[in-house]
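Student: Take this structure, written in structure tokens, and hold onto it; I'll ask about it next.
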Amino acid sequence: MAEADATAARRLGTAARYAADAGVRILVETHDSHRTGADVTRVLGTVGHLQVGALWDVMHTWLGGENPADTFAALSPYLGYVQVKDIASADDTTPLALGAGALPLAECVDVLSAEGWDGWLCWEYEKRWYEQAPPLAQLLGPGRDYLSRLVSRSG
Numbered sequence: 591m592a593e594a595d596a597t598a599a600r601r602l603g604t605a606a607r608y609a610a611d612a613g614v615r616i617l618v619e620t621h622d623s624h625r626t627g628a629d630v631t632r633v634l635g636t637v638g639h640l641q642v643g644a645l646w647d648v649m650h651t652w653l654g655g656e657n658p659a660d661t662f663a664a665l666s667p668y669l670g671y672v673q674v675k676d677i678a679s680a681d682d683t684t685p686l687a688l689g690a691g692a693l694p695l696a697e698c699v700d701v702l703s704a705e706g707w708d709g710w711l712c713w714e715y716e717k718r719w720y721e722q723a724p725p726l727a728q729l730l731g732p733g734r735d736y737l738s739r740l741v742s743r744s745g
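Quick note on this note's numbering: the sequence shown kicks off at 591 and runs consecutively.
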């Protein structure tokens, strides 16, 4: 793992120079081999470039057993984006309407608000990979309302 992390950090450091020239930022998502904030921080902590940051995917940090406060603490120096969704359980990751599943969305928004974070909060809906998931169009209004309530109550 240490060798893979070092390789990733080296490559991200090289890419960061190009990102800076292009006016963009590269974000490493909490996902797969680097599921938690602690995992991503192992890489980002050695890159040391502002053009490289983190994308917090709430589902993956939860699946990795990391609580939202610990994830935020790990990622906060690098955090560029927070991605929310909802699922029934760790065994069933079929997308659900926001607030209808097991993910700690309210706790995540509370942590972000308490820490004064004002970046992007985006809903990822993966129907493309889950044919049985309800159509996004019917969930958009209620999803927006749900996130608005969480942000309003926390802020």
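The C-beta atom is built at its ideal place from N, Cα and C for all residues, glycine as well. Computed from a predicted model, the values in this text were never measured in an experiment.
With respect to the alpha helix (DSSP H) encompassing Gln-641, which residues constitute its N-terminal and C-terminal limits?
Tutor: No alpha helix (DSSP H) contains Gln-641, which DSSP labels as neither H nor E.
Student: My understanding is that Leu-740 touches Ala-687, with C-beta atoms under 8 Å, so please give their C-beta distance in whole angstroms.
Tutor: In fact, because the Cβ distance is near 14 Å, the residues do not count as touching under 8 Å.
Student: When the Cβ atoms of the region 721-731 are set against those of the region 674-688, are three or more pairs found closer than 8 Å?
Tutor: Flag = yes, the region 721-731 and the region 674-688 touch.
Student: Mind checking who Trp-646 pairs with in its DSSP beta bridge?
Tutor: Per DSSP, Val-672.
Student: Do Thr-651 and Thr-626 have their C-beta atoms within less than 7 Å of each other?
Tutor: Cβ distance < 7 Å, so Thr-651 and Thr-626 count as in contact.
Student: Secondary structure at Pro-732, three-state DSSP: helix, strand or coil?
Tutor: Helix.
Student: Within 10 angstroms of the Cβ of Trp-646, are there 16 or more other Cβ atoms? Answer buried if so, exposed if not.
Tutor: Looking at its Cβ environment, which holds 16 or more other Cβ atoms inside 10 Å, Trp-646 is buried.
Student: Name the residue from Tyr-736, Leu-634 and Ala-610 whose alpha carbon lies nearest to the alpha carbon of Ala-599.
Tutor: The shortest C-alpha separation from Ala-599 is found at Leu-634.
Student: Quick check on this structure: which residue in Ala-664, Ala-609 and Pro-658 has the alpha carbon closest to the alpha carbon of Leu-640?
Tutor: Of Ala-664, Ala-609 and Pro-658, the residue nearest in Cα terms is Ala-609.
Student: Using only the alpha-carbon positions, how far apart do Thr-620 and Trp-713 sit?
Tutor: The straight-line gap from Cα to Cα measures roughly 15 Å.
Student: Give me the DSSP bridge partner(s) of Val-701.
Tutor: Answer is none; Val-701 lacks a bridge partner.
Student: With which residues is Trp-710 paired in a DSSP beta bridge?
Tutor: DSSP output for Trp-710 lists Tyr-671 as bridge partner(s).
Student: Suppose you measure from the CA of Arg-734 to the CA of Val-672; what does that come to, to the nearest Å?
Tutor: Near 15 Å, if we compare the C-alpha coordinates of Val-672 and Arg-734.
Student: Rounded C-beta distance between Ala-692 and Ile-677? I'm assuming under 8 Å.
Tutor: Right, their Cβ atoms sit about 6 Å apart.
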